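A.B. asks: My questions all concern the structure below.
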Amino acid sequence: MIFIKSESEIKLMREAGKIVGNLLLEIEKLIKPGVKTIELDKFAEEFIRKYGAIPSFKGYKGYPSTLCTCVNESIVHEIPSKKIIKEGDIIGIDVGVCFKGYHADGAKTFPVGEVSKLKRRLIEAAREALKNAIKMAKEGNRVLDISHAIERTAKKYGFSPAKDYTGHGIGRALHEDPPIPTYGPPGKGPLLRHGMTLAIEAMINAGTGESKTLRDGWTAVTKDGKPSALFEHTIVIRGDNPEILTLP
Ligand code: MF3
Ligand code: CO
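Shown next, in the form of structure tokens:
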């Protein structure tokens, strides 16, 4: 069931979203060769708690951390660890924040120092895919119009949408209906209505859309070992132009 949010609920999600947006800005400054992903996680948890909020991911179905820190071929859900990021890597930072019972979820992918042309294009493609997806998130459109925009953008660059993972409704729970695939035929799926709150996730692989899960039970990587990038925003459906909640 898809829940429509009231303005007072959206206000709390906006507070949560602002923390997500500001945290991603601060994390970007910390991303340098030699940093351990666990150090980014520690910073993120302290940042979120300082604002009287709670990390949404920590403890969710047993997930152990505040961030997902997805390096290179990692698509989603990589657990922060002693892994050291190095020049030429790309790292996706995904974070959820819960403020007074309401969640916001956002992600960005950053280059570590100088990266290859392929990785630069991949980041550009995923950023553009999210932008195009958000453009389709308007009243009267359908969920798969959003999905199709991600797919279309990925293909324009010669890349593939990561097909095993989806965006999602969000609000009182981190994951609500509807799931939002990264591909699909336009004009299908649930109708988008004013007050729906959605976490749209553009996840794009340089090679095929296939993935596999590592033995930790969480980390999803590309099957072919090629890099993947993601961008995510939490938005509210409002007429022709959604409001983006996960902004600084
Ligand atoms: N943004 C991702 C998602 O919605 C991250 C979730 S991590 C988890 O799937 F631990 F909470 F699952
Ligand atoms: Co999400």
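Taking my numbering, the leading residue of the sequence shown gets 104, the next gets one more, and so forth.
Beta carbons are placed, not taken as given, at the ideal position from N, Cα and C, and that holds for glycine.
On a predicted model such as this, the values are computed, not experimentally measured, just so you know.
Look at the alpha carbon of Gly-165 and the alpha carbon of Gly-120, and state the distance between them as a whole number of angstroms.
C.D. replies: Going by the C-alpha atoms only, they are around 23 Å apart.
A.B. asks: What would DSSP say about Ala-228, mapped onto helix, strand or coil?
C.D. replies: Helix at Ala-228.
A.B. asks: Beta carbon of Leu-247, beta carbon of Pro-288: below 8 Å?
C.D. replies: A contact, by the Cβ cut-off of 8 Å.
A.B. asks: For Gly-124, which of helix, strand or coil comes out of DSSP?
C.D. replies: In this structure, Gly-124 counts as helix in the three-state DSSP scheme.
A.B. asks: Which first and last residues belong to the beta strand (DSSP E) in which Thr-337 is found?
C.D. replies: 331–339 is the span of the beta strand (DSSP E), which, as asked, contains Thr-337.
A.B. asks: Run through the DSSP bridge pairs and tell me what Asp-208 is partnered with.
C.D. replies: According to DSSP, which records beta bridges pairwise, Asp-208 is partnered with Gly-199.
A.B. asks: At a cut-off of 7 Å, would you count Val-324 as near ligand 1, judging by its Cβ distance to the nearest heavy atom?
C.D. replies: No, the Cβ of Val-324 stays beyond 7 Å of every heavy atom of ligand 1.
A.B. asks: For Ile-193, does the count of other Cβ atoms within 10 angstroms reach 16, so buried, or fall short, so exposed?
C.D. replies: So Ile-193 counts as buried.
A.B. asks: Keeping to the same chain, check which residues put their C-beta closer than 6 Å to that of Val-174; ignore five residues upstream and five downstream.
C.D. replies: So the list reads Asp-192 and Ile-194, once near-sequence residues are dropped.
A.B. asks: Please state whether DSSP places Lys-186 in a helix, a strand or coil.
C.D. replies: The answer is coil: DSSP assigns Lys-186 none of H, G, I, E or B.
A.B. asks: Check whether the Cβ of Asp-327 lies closer than 7 Å to any heavy atom of ligand 1, and answer yes or no.
C.D. replies: Checking every heavy atom of ligand 1 against the Cβ of Asp-327, none is found closer than 7 Å.
A.B. asks: Per DSSP, which residues does Ile-157 bridge with? Please list them.
C.D. replies: Partner(s): Cys-201.
A.B. asks: Report the option in Pro-167, Pro-284, Ile-122 and Thr-311 whose CA atom is closest to the CA atom of His-251.
C.D. replies: Minimum Cα distance to His-251 is reached at Pro-284.
A.B. asks: Which runs of the beta strand (DSSP E) at least 3 residues long sit entirely within the stretch 234–298? Give them in chain order.
C.D. replies: 270–272 and 279–283, all fully within the stretch 234–298.
A.B. asks: Can you give me the start and stop residues for the beta strand (DSSP E) that Ile-303 sits inside?
C.D. replies: Here the beta strand (DSSP E) through Ile-303 covers 300–308.
A.B. asks: I need the straight-line Cα distance from Val-341 to Lys-241, nearest angstrom please.
C.D. replies: It is Arg, not Val, that sits at residue 341 in the sequence shown. Straight-line Cα distance between these residues: approximately 7 Å.
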